[in-house]
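Heads up: the structure comes next, in structure tokens.
2 protein chains.
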Amino acid sequence: MRATILAVARDRFRREGYEAVTMRSLAADAGVDAALISYYFGSKRGLFAAVLELTLNPADVLASLLEGELESLPQRAIRALVAGWDRPETGLPLLTAVRAAAADPALATLLRGGLQREMVDRLADRLGGADARHRAGAFVGQLGGLVFTRYLLAVEPLASMTADEIVRTLGPALRTTLFGPVRRAATGNDHARGPASA
Amino acid sequence: MRATILAVARDRFRREGYEAVTMRSLAADAGVDAALISYYFGSKRGLFAAVLELTLNPADVLASLLEGELESLPQRAIRALVAGWDRPETGLPLLTAVRAAAADPALATLLRGGLQREMVDRLADRLGGADARHRAGAFVGQLGGLVFTRYLLAVEPLASMTADEIVRTLGPALRTTLFGPVRRAATGNDHARGPASA
DNA sequence: TACGGTAGTTCAACCGTGATGAATTCTTCG
DNA sequence: CGAAGAATTCATCACGGTTGAACTACCGTA
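Protein sequence lines, in the order shown, are assigned to chains A and B. Note that full-length UniProt numbering has the first sequence beginning at 1, numbered continuously upward. Note that full-length UniProt numbering has the second sequence beginning at 1, numbered continuously upward.
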């Protein structure tokens, strides 16, 4: 039954968010008494955390991003992020996760740890140099800003810009964060315009 | 009594957050029956919204930022933001506001509207040019990222960087967002290093 | 085969939450 | 004074997560 509860919970959490899903209704959905959830997961939050650990494993996406050439990381990162968050199947769970983390310090700690370990530290290693960690932090912070304003708050115009437009407006800034304001040796696509468009 | 309730609520919300403050305890604090809160504000959320409107008026800060010269806006914006959010008296209420907005769509709408009207639109006007609105959106998004990662999640290293360090690492990126990757005509402090430091 | 223990599962109840509607007091003004 | 209406309280509701006791099912062992 444990697995059933977990599966049902995953589905409903991602669809309806944390607060909207009640333990009783969840139990009913899984054909089980509500107390059983507490028995297995300790609390509603425990259940949610279990669902998170099950769902939240985009570490491999990150890895593949860092394997590519550093010069194009900004565009690739933006594209991957937007792709992941725009698709409801993957975006909704991420969104509810972040929402919950914003409200619950314990979950925030979980998310924070993940971000530091899987993103900041790795990127800093890859970057190297004196203030690598600072630059990596700023990079992650800027991507976090995208999540925050575009997906969590849906502030215009960011909320309805296309991936290309975001790459065009935010890409250069990310590049500056990684490599500094000075243009590197010309690489040929210095302007990093997205694929053909007006 | 309305004013008393509002005052007590403001204090406790900023200190303990939205969920932790219960209507009964709040009523007791204000020397009033809990039902009176509903009578005046309709609901707990209504009360919170009232508190928000009372508290959240940093529109003037924004205005003064936009009045200064555009070239130095990035540094000044970062400094103002960090100053406001680092001081507990002003930072805590902002934080609980954002937290609540992350959880509650209605409050998110409120915040979103404010950000668009008071920040994006104004900045876009000041910037001018073809994609002014896009650049303004990205600018606000990057500042939002600072709020999100440094204050909401407290991701390192951003969480413990000094204002100077943030200006150094994030400033150039913001400048790129506003003016593009090409350096403008030399202004004398091209590197925008913060005040004397290592 | 009977026994005992342990994991799985349900049941009933607890307590705290926000909300509501009727009942009461307090003001105010004709 | 005496209504009218606002302000305030009281009692109560429905619903949330959680808990402890009870019941069941299984599995190894004497």
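Cβ atoms here follow ideal geometry from the backbone N, Cα and C, with glycine treated the same way.
Within the same chain, and ignoring the five residues on either side of A/Phe41 in sequence, the residues whose Cβ sits closer than 7 angstroms to its Cβ are Leu47 and Ala50.
Under the Cβ distance rule, A/Ala27 does not count among the residues neighbouring chain B, no pair being separated by less than 7 angstroms.
In the structure shown, the three-state DSSP call for A/Ser43 is coil. Using beta-carbon distances, B/Leu47 does not count as an interface residue toward chain A, since no partner is under 7 angstroms. Counting C-beta pairs with one atom in each stretch, the stretch 27-35 of chain B and the stretch 136-148 of chain B have fewer than three that are closer than 8 angstroms, which means they do not touch. Per DSSP, B/Ala163 is one residue of the alpha helix (DSSP H) stretching across Ala163 to Phe179. In this structure, DSSP gives A/Thr96 a helical state, which the three-state scheme calls helix. Within 9 angstroms of the CB of B/Glu16, no CB atom of chain A is found; the nearest one sits about 12 angstroms away. Here B/Leu95 has Trp85, Tyr151 and Leu152 as same chain residues with Cβ atoms under 8 angstroms from its own Cβ, once five neighbours each way along the sequence are excluded.
For A/Pro172, the nearest beta carbon of chain B is closer than 7 angstroms to its own beta carbon. In the pairwise beta carbon analysis, the stretch 172-179 of chain B is classified as touching the stretch 163-178 of chain A: at least three pairs are separated by under 8 angstroms. Counting only residues of its own chain and dropping the five nearest sequence neighbours on each side, B/Phe13 has a CB closer than 7 angstroms to the CB of Val21, Phe48, Val51 and Thr96.
Within chain A, not a single residue places a beta-carbon under 9 angstroms from that of B/Met23; the smallest gap is close to 17 angstroms. A/Ala83 and A/Val167 have their C-alpha atoms roughly 12 angstroms apart.
Exposed is the label assigned to B/Glu89, since fewer than 16 other Cβ atoms lie within 10 Å of its Cβ. Collapsing the DSSP output to three states places B/Gly145 in a helix. In this structure, the alpha-carbon of B/Glu19 lies about 23 angstroms from that of A/Ile37.
Spatial neighbours of A/Leu81 in its own chain (CB-CB distance under 7 angstroms, excluding positions within 5 residues in sequence) are listed in chain order as Leu143 and Leu146.
Shown here, B/Gly129 sits in coil according to DSSP, grouped into three states, outside any helix or strand. For A/Val82, no chain B residue has a Cβ inside 8 angstroms of its Cβ, as the nearest lies near 13 angstroms away. The CB of A/Arg133 comes closer than 7 angstroms to the CB of Pro157 in chain B, given here in chain order. An exposed status is given to A/Gly113, since fewer than 16 other beta-carbon atoms sit within 10 Å of its beta-carbon. Annotation for A/Ala27: the continuous alpha helix (DSSP H) segment containing it runs Met23 to Ala30.
Ranked by Cα distance from A/Asp104, the options A/Glu16, A/Lys44 and A/Ala77 are led by A/Lys44. Contact annotation for B/Glu71 against chain A: no contact, minimum CB-CB distance about 13 angstroms [criterion: below 7 angstroms]. Comparing C-alpha distances from B/Arg133 to each of A/Leu158, A/Ala130 and A/Asp121 shows the shortest one belongs to A/Leu158. Within chain B, the residues placing a beta-carbon under 8 angstroms from that of A/Gly180 are Pro172, ordered along the chain.
About 6 angstroms separates the beta carbon of B/Glu118 from that of B/Leu62, a gap short enough to meet the 8 angstroms contact definition.
Within chain A, no C-beta atom comes less than 8 angstroms from the C-beta of B/Glu118; the nearest is roughly 11 angstroms away.
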